[in-house]
Amino acid sequence: IDMRIKIKSKKLLSLLLCFTMLFGAGSVMASAEPSVVDMKESLKALTETTTLPANLKGAVGDEDILYRNPNGYDVYADLYKFEVTASHAMLTVSTKNDIYYFDMYYWLFKENGDAFDIVYSTDNDYGFLYCVEEAGTYYLAVAGWRDYSVGDYDISVSLTEVTGEIYDVEEALLAVTETT
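Take the sequence shown: its letter number 129 is residue 129 in my numbering, and every next letter is one higher.
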């Protein structure tokens, strides 16, 4: 009888130790909840300007900050600021290869005094084209679709000045290919 009690005690002790490691010490080992900040408000804090063309490599989700996106979801994101001096240009954002690593979402903002206007957004994992109609400060947010969309990315961002009036993307693409 004493032998059975010792065996049961060892099993109970092992279970208790596993339980403590998983749940008791887990709170000590777990990282803190990420803070949530407004995406548009965070644009104001950007001081570094990205020079175009640029190859941007990053990892969405590697920081402890979630941004409240314009759709109202909390997402991990990387934010970039760049200046556009041309009044008519084609902005191209594209992935560097044929695969994407997570469910990407892009927002393009234009500074408007103290406000930031969304000029374009898409969930196209491969990038987008945008006809810039006026010079100014623009911001690009590279994000996951939701807080569980995280991963590495490798994108290129370029700007091609277009002469003449631009009325749509097809016209701008024709103008860009004719000038290059």
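Backbone N, C-alpha and C fix where the C-beta goes; we use that ideal spot for every residue, glycine too.
No experiment lies behind these values; they were computed from the predicted model shown.
Check your understanding: Are D154 and K57 touching if we call contact CB-CB under 7 angstroms?
Key -> Inclusion of D154 and K57 in the CB contact set at 7 angstroms is warranted, their separation being smaller than that value.
Review point. Are the Cβ atoms of A86 and E161 separated by less than 7 angstroms?
Key: Yes; because the gap between Cβ atoms is below 7 angstroms, this pair is in contact.
Exercise for review: For Y80, collect the residues of the same chain with a Cβ closer than 6 angstroms to its Cβ; drop the 5 residues on either side in sequence, then sort them by chain order.
Suggested key: T50 and L140.
Exercise for review: Return the chain-ordered list of same chain residues with a C-beta closer than 6 angstroms to the C-beta of T122, the five sequence neighbours on each side being excluded.
Suggested key: For T122, where only same-chain residues beyond five positions count, the Cβ hits under 6 angstroms are Y106 and F128.
Point to revise | 7 angstroms Cβ cutoff met for M104 and D125 | key: Contact: yes.
Exercise for review: Go ahead and pull the three-state DSSP assignment for L43.
Suggested key: If DSSP states are grouped into helix, strand and coil, L43 belongs with the helices.
**Study point:** Whole-angstrom distance between H88 and V36, CA atom to CA atom
**Key:** If I take the Cα positions, the gap works out to 36 angstroms.
Review point. Got a sec, what are the start and stop residues for the beta strand (DSSP E) A89 sits in?
Key: Where A89 is concerned, the enclosing beta strand (DSSP E) starts and stops at A89 to T95.
Review point. Name the DSSP beta bridge partners of N55, please?
Key: N55 pairs with S156.
Review point. The beta strand (DSSP E) spanning N112 covers which residue range?
Key: Start and end: M104 to N112.
Review point. Going by C-alpha distance, which of E133, L52 and S149 is nearest E83?
Key: It is L52 whose Cα lies nearest to the Cα of E83.
Point to revise | Which of helix, strand or coil DSSP assigns to R146 | key: Reduced to three states, the DSSP call for R146 is coil.
Check your understanding: Cβ atoms of D147 and L66: under 7 angstroms apart, would you say?
Key -> Yes; because the gap between Cβ atoms is below 7 angstroms, this pair is in contact.
**Study point:** Reference F109; option with closest CA among W145, A54, N69 and A59
**Key:** Ranked by Cα distance from F109, the first of W145, A54, N69 and A59 is N69.
**Study point:** Cβ neighbour criterion (16 or more within 10 Å) applied to G61
**Key:** Its Cβ being crowded by 16 or more others within 10 Å, G61 is buried.
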